[in-house]
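Undergrad: Would you mind keeping the following structure in view while I ask a few things?
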Amino acid sequence: MRNLNSTADNAPLGSCFTRHTARAIVLKGKDILLLYTARYDDYSLPGGGVDEHETIEQALLRELQEETGAKSLTNITPFGRYEEYRPWYKPDYDNIHIVSDCYLCEICGEFSQPQMEDYEHANGMKPVWVNIDKAIAHNKNTLAKSDKQGQSLIRELYLLEKIKAELMV
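Under the working numbering, the first residue of the sequence shown carries the number 59, and numbering increases by one thereafter.
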């Protein structure tokens with residue numbers, strides 16, 4: 059998998075743990091399936107953590123089922139890896155290293171009702187098809203003007219711009 063960014067070389071000092079994630083890129087023309095989060099007023103790729111017993115494909119499908127209601131995936135193709143370091147907010151570690159493997163994929167069949175986690179419901183998260191240019195402009199505006207940005211906003215904006223440049227030419 060190719061590296062989409064260079065932040066992986068900037069490891070901070072202190073204790074650190076790694077969280078491996080799978081993120082889905084699902085396209086329909088100029089629209090992309092994203093998660094809108096009302097709390098942060100931003101768009102993000104569906105996906106999340108890979109559990110210890112899961113393959114990346116299993117995690118990708120589980121996360122898409124939970125967050126969007128997608129029932130089945132096909133044509134799963136690696137797009138790239140985004141790595142980042144952030145300060146950790148719990149006392150057990152100083153930092154977190156997030157490794158996001160991104161995959162282009164297609165959803166088969168109908169969607170069922172998403173089965174989001176409690177914090178996702180509390181944050182007002184919902185799956186939406188949105189024009190990629192609109193999502194990029196919206197996230198740029200949120201980054202420039204909002205004081206309640208989610209920590210993932212910079213990553214998501216970067217990934218959306220890469221997706222547009224490389225997959226929607």
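Even glycine gets a Cβ: it sits at the ideal position worked out from N, Cα and C.
Can you round the beta-carbon distance between leucine 93 and valine 84 to whole angstroms, since I take them to be within the 8 Å contact cut?
TA: Contact doesn't hold; Cβ gap of about 11 Å is too wide.
Undergrad: Write down every uninterrupted run of the beta strand (DSSP E) in the stretch 138-180 whose length is 3 residues or greater and which is fully enclosed by it, in chain order.
TA: 153-169
Undergrad: What residues are listed by DSSP as bridge partners for histidine 78?
TA: Val157
Undergrad: Helix, strand or coil for asparagine 63, going by three-state DSSP, please let me know.
TA: coil
Undergrad: In this structure, how does DSSP classify threonine 250 when only helix, strand and coil are distinguished?
TA: Examination of residue 250 is not possible in this model, given that the chain is present from 59 through 227 alone.
Undergrad: Please identify the residue among Gly127, Gly106, Thr126, Glu125 whose C-alpha is closest to the C-alpha of alanine 117.
TA: For the residues Gly127, Gly106, Thr126, Glu125, the minimum Cα distance to alanine 117 belongs to Gly106.
Undergrad: Rounded to a whole number of angstroms, what is the C-alpha to C-alpha distance between serine 73 and cysteine 163?
TA: 35 Å
Undergrad: Distance, Cα to Cα, glutamate 142 vs phenylalanine 75?
TA: 12 Å
Undergrad: For methionine 226 and tyrosine 216, what's the separation of their Cα atoms in angstroms?
TA: 15 Å
Undergrad: Quick one: what's methionine 226 bridged to in DSSP?
TA: Answer is none; methionine 226 lacks a bridge partner.
Undergrad: So, using beta-carbon positions, are aspartate 159 and isoleucine 221 closer together than 8 Å?
TA: no
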